[in-house]
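A.B. asks: So for the sequence shown, the UniProt record's numbering puts the first residue at 1; every next one is plus one. Beta carbons: idealized from backbone N, C-alpha and C, even for Gly. Just dropping this structure here.
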Amino acid sequence: MTVPLRPPRESLDPRVRSWWRVHCLLWPVLLAVVLGVLGLLIRPIAWFLPLAAAVVVVGIVVALAFPAYWYRVHRWEVTDDAVYTRSGFLWQEWRAAPLSRIQTVDTTRGPLQQAFGLAALVVTTASAKGAVTVAGLDHERAAEIAERLTRATQAVPGDAT
């Protein structure tokens, strides 16, 4: 069964923007702390401190600008035939996973996702491309979709192609 590639209709949970902002700030802040400590400990190499400040500024710019764009780009949808996703930044990826090709359906929640009440839906398929992931769903909705997909894939006969 061939499933046409088409734009998915569903948006992610609006809280995903805050999750992405915190995620975008987490690594620059940690790197800035390391650079700041090195700058204080190694006096002749005082350029660590301005570098730490620059890293934080770049992190703030990324955290303020990118999540709004990502929220507009990232889409997903589950139909009676397939799971559709669109994600990416400069290189956007559109995927369609037919229900007949789905092998497992999982939800994952990292500590930061748990703090925001979010989860990722991971749909493993028989594709060499790997799993189809929808990160940024409300954790209860992700669990409901996982259960629905599990029931639906049991009812769909396997694809012999």
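For residue 93, which beta-bridge partners are listed by DSSP?
C.D. replies: One-based indexing of the sequence shown puts residue 93 at position 93. Residue 93 pairs with 87.
A.B. asks: Just mark residue 153 as buried or exposed, buried being the case when its beta carbon has 16 or more other beta carbons within 10 Å.
C.D. replies: Translated into positions along the sequence shown, residue 153 becomes position 153. By the 10 Å Cβ count, residue 153 comes out buried.
A.B. asks: Determine whether the beta carbon atoms of residue 52 and residue 35 lie at a separation below 7 Å.
C.D. replies: Taking the sequence shown and counting its residues from 1, one reaches residue 52 at position 52. Taking the sequence shown and counting its residues from 1, one reaches residue 35 at position 35. In this structure, residue 35 lies closer than 7 Å to residue 52 by Cβ.
A.B. asks: In the DSSP assignment, find the beta strand (DSSP E) that holds residue 105 and state where it starts and stops.
C.D. replies: Within the sequence shown, the letter at position 105 stands for residue 105. Here the beta strand (DSSP E) through residue 105 covers 102 to 108.
A.B. asks: For a test of the three-state rule: what should DSSP assign to residue 53, helix, strand or coil?
C.D. replies: As a position in the sequence shown, residue 53 is number 53, starting the count at 1. DSSP places residue 53 in helix when its eight states are reduced to three.
A.B. asks: In three-state terms, what does DSSP make of residue 47?
C.D. replies: Translated into positions along the sequence shown, residue 47 becomes position 47. Coil.
A.B. asks: Does the contact criterion of 3 or more C-beta pairs under 8 Å hold for the region 76 to 83 versus the region 53 to 63?
C.D. replies: Touching, no, given that fewer than three Cβ pairs across the two stretches are closer than 8 Å.
A.B. asks: Where does the unbroken alpha helix (DSSP H) through residue 2 begin, and where does it stop?
C.D. replies: One-based indexing of the sequence shown puts residue 2 at position 2. First-last for residue 2: undefined, no H or E at that position.
A.B. asks: Would the region 134 to 154 count as touching the region 105 to 112 if we require 3 or more Cβ pairs under 8 Å?
C.D. replies: The region 134 to 154 vs the region 105 to 112: in contact.
A.B. asks: Specify the secondary structure class of residue 136 as computed by DSSP and reduced to three states.
C.D. replies: Reading the sequence shown from its first residue, position 136 is the one you call residue 136. Looking at residue 136 - three-state DSSP - the assignment turns out to be strand.
A.B. asks: Please report the residue range of the alpha helix (DSSP H) in which residue 112 lies.
C.D. replies: Against the sequence shown, residue 112 aligns to sequence position 112. Residues 111 to 116.
A.B. asks: Can you tell me whether DSSP reads residue 127 as helix, strand or coil?
C.D. replies: Looking up residue 127 in the sequence shown gives position 127. Coil, per DSSP.
A.B. asks: With DSSP collapsed to three states, give me the class of residue 28.
C.D. replies: Working through the sequence shown from its first residue, we reach residue 28 at position 28. Helix.
A.B. asks: Just grab the DSSP bridge partners of residue 98 for me.
C.D. replies: By one-based count along the sequence shown, residue 98 stands at place 98. DSSP output for residue 98 lists 82 as bridge partner(s).
A.B. asks: What separation, rounded to the nearest whole angstrom, lies between the Cα atoms of residue 8 and residue 38?
C.D. replies: On the sequence shown, position 8 is the one that residue 8 refers to. On the sequence shown, position 38 is the one that residue 38 refers to. Approximately 47 Å between the Cα atoms of the pair.
A.B. asks: Please decide whether residue 130 counts as near chain D, where near means a Cβ-Cβ distance under 7 Å.
C.D. replies: Structure shown: chain D not included; a single protein chain is present.
A.B. asks: For residue 146, which of helix, strand or coil comes out of DSSP?
C.D. replies: For the purposes of this step, residue 146 is taken as the residue at position 146 of the sequence shown. In the structure shown, residue 146 sits in a helix (DSSP, three-state: H, G or I).
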